[in-house]
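Trainee: Before anything else, here's the structure in question.
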Amino acid sequence: MRLIPAFILSVAIGAPAFAQSASGAQVYAGKDVVAQLEALIAPAKTSGSSGATLGDFQSHAIKLSVRTSSGGAEVHAHFDDIFFVTDGSATLITGGQVQHAQTAPDGETKGSGIEGGTRQVIRKGDVVHVPAGTPHQLILAPGETYSSIVIKVKE
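Our numbering runs 172 ahead of the 1-based position in the sequence shown.
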């Protein structure tokens, strides 16, 4: 009878190790990420921005973003954004009121800009967390190229 509790305990302790095995990990090699970011520059020069999805998971998504011009204002209803700035710099505006706001059925709001927000310069190496529900916008200086890895975390 003592073997059964010992077996249950060993399974309970070992189960997390099985769930976190290396076969379940997704690795994106740095050189491949850099190559994908570089490939996004040309389309971004034409349209002002370009992006790609590295992985889309139930609780979050990993995306690549390249900008060559300022973006509009955004408010994500259900996602936090975490930016890892990989190149360039931008002025991040957060808070305030979204101007000319249009909200889509999924709760995502976009607008032409932000009035009354807080401005701060972000640059290569910075990590930024923008909570769901926070208006935000990236402003780029003319001729600037900005790139980041973006983790979109579902609330």
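Each residue gets a CB set at the ideal place from its N, CA and C atoms; glycine is no exception.
The structure displayed is predicted, hence computed values, not measured ones.
#1: Are the CB atoms of His250 and Gly279 within a distance shorter than 8 angstroms?
#2: Assign Gln309 to one of two classes, buried (16 or more other C-beta atoms within 10 Å of its C-beta) or exposed (fewer than that).
#3: Just checking, does the stretch 254-264 make contact with the stretch 289-308 on the three C-beta pairs under 8 angstroms criterion?
#4: Could you check whether the stretch 234-242 touches the stretch 213-223, counting it as contact only if at least three pairs of C-beta atoms, one from each stretch, sit closer than 8 angstroms?
#5: Thr306 and Val247 look like a contact to me (Cβ under 8 angstroms); what is the Cβ gap, rounded to whole Å?
#6: Note down, in chain order, each residue of its chain lying with its Cβ closer than 7 angstroms to the Cβ of Leu209, except the 5 sequence neighbours on either side.
#7: Find the nearest neighbour of Val270 within the set Val322, Ala304 and Ile286, judged by alpha-carbon distance.
#8: With 16 as the cutoff for other CB atoms within 10 Å, does Ala201 come out buried or exposed?
#9: Give me the Cα-Cα distance between Ile323 and Ala304, rounded to the nearest whole angstrom.
#10: Among the residues of its own chain, which have a CB less than 8 angstroms from the CB of Gly268, if the five just before and after it don't count?
Mentor: In short:
#1: Here the question's residue 279 lines up with position 107 in the sequence shown. Here the question's residue 250 lines up with position 78 in the sequence shown. Here Gly279 is near His250, since their CB atoms are less than 8 angstroms apart.
#2: Residue 309 sits at position 137 when you count from the first residue of the sequence shown. Burial call: buried.
#3: Using a C-beta cut-off of 8 angstroms, the stretch 254-264 makes contact with the stretch 289-308, since at least three inter-stretch Cβ pairs fall below that distance.
#4: The stretch 234-242 is in contact with the stretch 213-223.
#5: Counting from one through the sequence shown, the residue named residue 306 turns up at place 134. Counting from one through the sequence shown, the residue named residue 247 turns up at place 75. Sure, about 7 angstroms apart at Cβ, within 8 angstroms.
#6: In the sequence shown, the residue the question calls residue 209 occupies position 37. Contacts found: Leu236, Val238, Thr258 and Ser319.
#7: Along the sequence shown, one-based indexing puts residue 270 at 98. Closest by alpha carbon: Ile286.
#8: Numbered from 1 along the sequence shown, position 29 holds the residue referred to as residue 201. Looking at its Cβ environment, which holds fewer than 16 other Cβ atoms inside 10 Å, Ala201 is exposed.
#9: Translated into the one-based positions of the sequence shown, residue 323 becomes position 151. Translated into the one-based positions of the sequence shown, residue 304 becomes position 132. So the two alpha carbons sit approximately 12 angstroms from each other.
#10: On the sequence shown, position 96 is the one that residue 268 refers to. Exclusion of the five residues before and after Gly268 leaves Ile286, Glu287, Gly288, Gly289, Thr290 and Pro307 as the residues of its chain whose Cβ lies within less than 8 angstroms of its Cβ.
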